[in-house]
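K.L.:
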Amino acid sequence: MFETVRRLRRTARVARAGARIYLGYKRTQRRAQKLPPAEAEAAWTARHEEFAALLYRLATDLRGLYIKSGQFIGTRTDLLPEPYTRSLSRLQDAVPPHPFPVVRRTIEEQFGEELEELFAAFDPEPLASASLAQVHRARLPDGRDVVVKVQYPEVAGLVRLDVRNLKTLVGVVARLEPSFDYRTVVNEIASQVPLELDFEREAEMTRRVRANLAHLPGVVVPAVVDGYVRPKVLVTEYVDGVRLLDAERRDAHAPDRTALAEAITNAYGHQIMVDGLFQADPHPGNILVLPGGRVALLDFGLTKELPDAARRGFARLVLGTANRDPGEILAAFRELGVRVRNEEPEALLATLAILFEPRPIDAPRAELRERNRALRANPVEQIPGDLVLLGRVIGLLRGVCASLGTPLSPMQMLRPYAERALAR
1 MFETVRRLRR TARVARAGAR IYLGYKRTQR RAQKLPPAEA EAAWTARHEE FAALLYRLAT
61 DLRGLYIKSG QFIGTRTDLL PEPYTRSLSR LQDAVPPHPF PVVRRTIEEQ FGEELEELFA
121 AFDPEPLASA SLAQVHRARL PDGRDVVVKV QYPEVAGLVR LDVRNLKTLV GVVARLEPSF
181 DYRTVVNEIA SQVPLELDFE REAEMTRRVR ANLAHLPGVV VPAVVDGYVR PKVLVTEYVD
241 GVRLLDAERR DAHAPDRTAL AEAITNAYGH QIMVDGLFQA DPHPGNILVL PGGRVALLDF
301 GLTKELPDAA RRGFARLVLG TANRDPGEIL AAFRELGVRV RNEEPEALLA TLAILFEPRP
361 IDAPRAELRE RNRALRANPV EQIPGDLVLL GRVIGLLRGV CASLGTPLSP MQMLRPYAER
421 ALAR
């Protein structure tokens, strides 16, 4: 009974937030029509700031899929105004961990053994906590240092509920306001996130990506520990590195920032355009920098397998963008099922520059607003599900290039992999 009431309250809170946001924007829309352009812009910005803060609070309170969805769209400057991406990007570090007794109980239930029988040592303080699970450092009886990923006990049921709520909410908004139709984005999230709850699948994906990238000298994928995989617990080898955003320690490991950006881009270029199997939940917390400028990729819970047509279409888009060839870009868009409002060459190149070129991390807000206005002038009106997650990877690579100050764009660095994909 208590659980039913809790879920009803969760659903009601999401519905109230959705109604408040919709009605608030309708009021701003009516008001802005009567204002001079500068005042109208200020009114819209104020409303964006208000509701971005509301969504941040909602995600941190409800956790689960709302954290995951917020993290996802927090990287999508092509979809949302800057106040949203600025606010929601903070969700990467906003998840409080579960207490250690809960972690212990989950591990012991999954393995049917006492924690002390499974591990010679286990740190009760987590290394990190995320939307669906948290990770701890431990040591196996044979002396190997490992990382233990433990799923939150209640998250599976909440994710199923949240998927239904999100799809309903976005569907209602799309019917009321067709220009705000994000059903493709939400449907892709809804289809992929439940897969993250199966750690046995994640183990298999980790093994496959590790094998695919084994020949790349600058890339490490931690090995799965055989015998230590269960549906809600996954143990992998411990890799000693520093976070990508820890600039001082990172630069000690990798003083050549351009080479570091190339190593990260190579890892994703190979996954997407050569293997057609890629880590689809990329953010700086899932990348470690190792001595010698190598990089370690972590967390393969959300791993996407691309159809061959999508793999080749994306490769064509990379080449068209790198060559600034509007004809090639338009052909790639049509092959992929992407539609933009204005297909004129200058408009296409301007849109692609906003979507794919690095944006300085210290860019003034006026510049960000101008980029958003330019994108609104030629929006992406249709995008297939496969490209939703590819967009996350491009967002990561743009951010990496900007934060490292590399003179190269992601699309230029991805060019060799695109050429290889199309030559096959």
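Under my numbering, read the sequence shown as residues 1 to 424, first letter to last. Backbone N, C-alpha and C define an ideal beta-carbon position, used for all residues, glycine too.
Val135 and Pro141: beta carbons closer than 8 Å?
P.N.:
Looking up residue 135 in the sequence shown gives position 135. Looking up residue 141 in the sequence shown gives position 141. In this structure, Pro141 does not lie closer than 8 Å to Val135 by Cβ.
K.L.:
On the CB-based measure, 16 or more other CB atoms within 10 Å of its CB, does Gly227 come out buried or exposed?
P.N.:
Walking along the sequence shown from the start, residue 227 turns up at place 227. Gly227 comes out exposed.
K.L.:
Quick one: using the 10 Å Cβ neighbour count with 16 as the cut-off for buried, is Leu65 buried or exposed?
P.N.:
Along the sequence shown, read from residue 1 onward, the residue named residue 65 stands at position 65. Looking at its Cβ environment, which holds 16 or more other Cβ atoms inside 10 Å, Leu65 is buried.
K.L.:
Start and end of the alpha helix (DSSP H) containing Val95?
P.N.:
Position 95 of the sequence shown, counted from the first residue, corresponds to residue 95. That residue, Val95, is in no alpha helix (DSSP H); it is neither H nor E in DSSP.
K.L.:
Would you kindly work out how many angstroms separate the C-alpha atoms of Pro410 and Arg9, rounded to a whole number?
P.N.:
On the sequence shown, residue 410 is found 410 positions in, with the first residue counted as 1. On the sequence shown, residue 9 is found 9 positions in, with the first residue counted as 1. When rounded, the distance between both Cα atoms is 44 Å.
K.L.:
Considering only the alpha carbon of each residue, which of Leu319, Leu290, Leu302, Val289 lies closest to Gly269?
P.N.:
Taking the sequence shown and counting its residues from 1, one reaches residue 269 at position 269. It is Leu319 whose Cα lies nearest to the Cα of Gly269.
K.L.:
Could you tell me whether the Cβ atoms of Val209 and Leu277 are closer together than 8 Å?
P.N.:
Position 209 of the sequence shown holds residue 209. Position 277 of the sequence shown holds residue 277. Closer than 8 Å, so yes.
K.L.:
Could you tell me which residues DSSP pairs with Thr321 in its beta bridges?
P.N.:
Mapped onto the sequence shown, residue 321 falls at position 321. In DSSP, Thr321 forms no bridge with anything.
K.L.:
Does the pairing of the stretch 295-307 with the stretch 194-206 give three or more beta-carbon distances under 8 Å?
P.N.:
Enough Cβ pairs lie closer than 8 Å, so yes.
K.L.:
Specify, as a first and last residue, the run of the alpha helix (DSSP H) that Asp386 falls within.
P.N.:
Residue 386 sits at position 386 when you count from the first residue of the sequence shown. Here the alpha helix (DSSP H) through Asp386 covers 385-404.
K.L.:
I'd like the list of long-range same chain contacts for Ile73, defined as Cβ closer than 8 Å, with 5 residues on each side in sequence excluded.
P.N.:
Position 73 of the sequence shown holds residue 73. The answer, listed in chain order, is Leu79, Leu80, Tyr84, Thr85, Leu88, Val185.
K.L.:
Taking Arg164 as the reference, which of Ala263, Val225, Arg7, Glu117 has the closest Cα?
P.N.:
Within the sequence shown, residue 164 is the residue found at index 164, counting from 1. Per the Cα distances, Arg7.
K.L.:
DSSP state of Leu302, grouped into three classes?
P.N.:
Translated into the one-based positions of the sequence shown, residue 302 becomes position 302. Leu302: coil per DSSP, three-state reduction.
K.L.:
Can you give the Cα-Cα distance for Gln92 and Thr28, rounded to whole angstroms?
P.N.:
On the sequence shown, residue 92 is found 92 positions in, with the first residue counted as 1. On the sequence shown, residue 28 is found 28 positions in, with the first residue counted as 1. Going by the C-alpha atoms only, they are around 30 Å apart.
K.L.:
Beta carbon of Ala133, beta carbon of Lys149: below 8 Å?
P.N.:
Residue numbering aside, residue 133 sits at position 133 when the sequence shown is read from its first letter. Residue numbering aside, residue 149 sits at position 149 when the sequence shown is read from its first letter. Against a cut-off of 8 Å, the Cβ pair of Lys149 and Ala133 comes out as a contact.
K.L.:
With DSSP as the reference, please indicate the residues paired to Val219 in a beta bridge.
P.N.:
The residue given as residue 219 occupies position 219 in the sequence shown. The partner list for Val219 (beta bridge, DSSP) reads Val295.
K.L.:
For Leu422 and Ala315, which I take to be in contact (beta-carbon distance under 8 Å), what is that distance rounded to the nearest angstrom?
P.N.:
For the purposes of this step, residue 422 is identified with residue 422 of the sequence shown, where counting begins at 1. For the purposes of this step, residue 315 is identified with residue 315 of the sequence shown, where counting begins at 1. The pair is a contact, with the Cβ atoms about 5 Å apart (cut-off 8 Å).
K.L.:
Could you pull out every residue in the same chain whose Cβ sits closer than 6 Å to the Cβ of Ala363, ignoring the five residues on either side in sequence?
P.N.:
Locating residue 363 in the sequence shown gives position 363, counting from the first residue. Annotation note: pLDDT 49 at Ala363 (below 50); position unreliable, no value reported.
K.L.:
Tell me whether Gly143 is buried or exposed, calling it buried when 16 or more other Cβ atoms sit within 10 Å of its Cβ.
P.N.:
Locating residue 143 in the sequence shown gives position 143, where the first residue counts as 1. Burial call: exposed.
K.L.:
Would you give the residue range spanned by the beta strand (DSSP E) that Ile272 belongs to?
P.N.:
Counting from 1 along the sequence shown, the entry for residue 272 is found at position 272. Looking at the DSSP string, Ile272 is not in any beta strand (DSSP E), and its letter there is neither H nor E.
K.L.:
Helix, strand or coil: which one does DSSP assign to Glu237?
P.N.:
As a position in the sequence shown, residue 237 is number 237, starting the count at 1. Residue state, collapsed to three classes: strand.
K.L.:
With Gln134 as the anchor, note down where its beta strand (DSSP E) starts and where it stops.
P.N.:
Counting from 1 along the sequence shown, the entry for residue 134 is found at position 134. First-last of the beta strand (DSSP E) with Gln134: 133-139.
K.L.:
Identify the continuous beta strand (DSSP E) that holds Arg230 and give its terminal residues.
P.N.:
The sequence position of residue 230 within the sequence shown is 230, counting from 1. Element bounds for Arg230: 224-230.
K.L.:
If we ignore side chains and look at the alpha-carbon of each, how far apart do Val146 and Leu396 end up?
P.N.:
In the sequence shown, counting from the first residue as 1, residue 146 sits at position 146. In the sequence shown, counting from the first residue as 1, residue 396 sits at position 396. Between Val146 and Leu396, the C-alpha separation is close to 27 Å.
K.L.:
What residues in its chain sit with their C-beta under 6 Å from that of Val338, if we drop five residues either side in the sequence?
P.N.:
Your numbering for residue 338 matches position 338 in the sequence shown. Result list for Val338: Ile383, in chain order.
K.L.:
Using the C-alpha atoms, what's the distance from Val388 back to Val235?
P.N.:
As a first step, residue 235 must be located in the sequence shown, where it is residue number 235. As a first step, residue 388 must be located in the sequence shown, where it is residue number 388. Val235 and Val388: Cα-Cα distance of roughly 29 Å.
K.L.:
At the level of alpha carbons, what is the spacing between Ala138 and Phe119?
P.N.:
If you number the sequence shown from 1, residue 138 lands on position 138. If you number the sequence shown from 1, residue 119 lands on position 119. Cα-Cα distance, rounded: 7 Å.
K.L.:
Rounded to a whole number of angstroms, what is the C-alpha to C-alpha distance between Lys232 and Arg334?
P.N.:
The residue given as residue 232 occupies position 232 in the sequence shown. The residue given as residue 334 occupies position 334 in the sequence shown. Their Cα atoms are separated by approximately 41 Å.
K.L.:
DSSP three-state label for Ile361, please.
P.N.:
Here residue 361 refers to the residue found at position 361 of the sequence shown. For Ile361, the predicted model reports a pLDDT of 45, less than 50, meaning its position is unreliable and no value from the coordinates is stated.
K.L.:
Buried or exposed for Gln71, going by 16 or more other Cβ atoms inside 10 Å?
P.N.:
The residue you call residue 71 lines up with position 71 of the sequence shown. It counts as buried.
K.L.:
Which class does Val150 belong to by DSSP, given the choice of helix, strand or coil?
P.N.:
Taking the sequence shown and counting its residues from 1, one reaches residue 150 at position 150. Strand, per DSSP.
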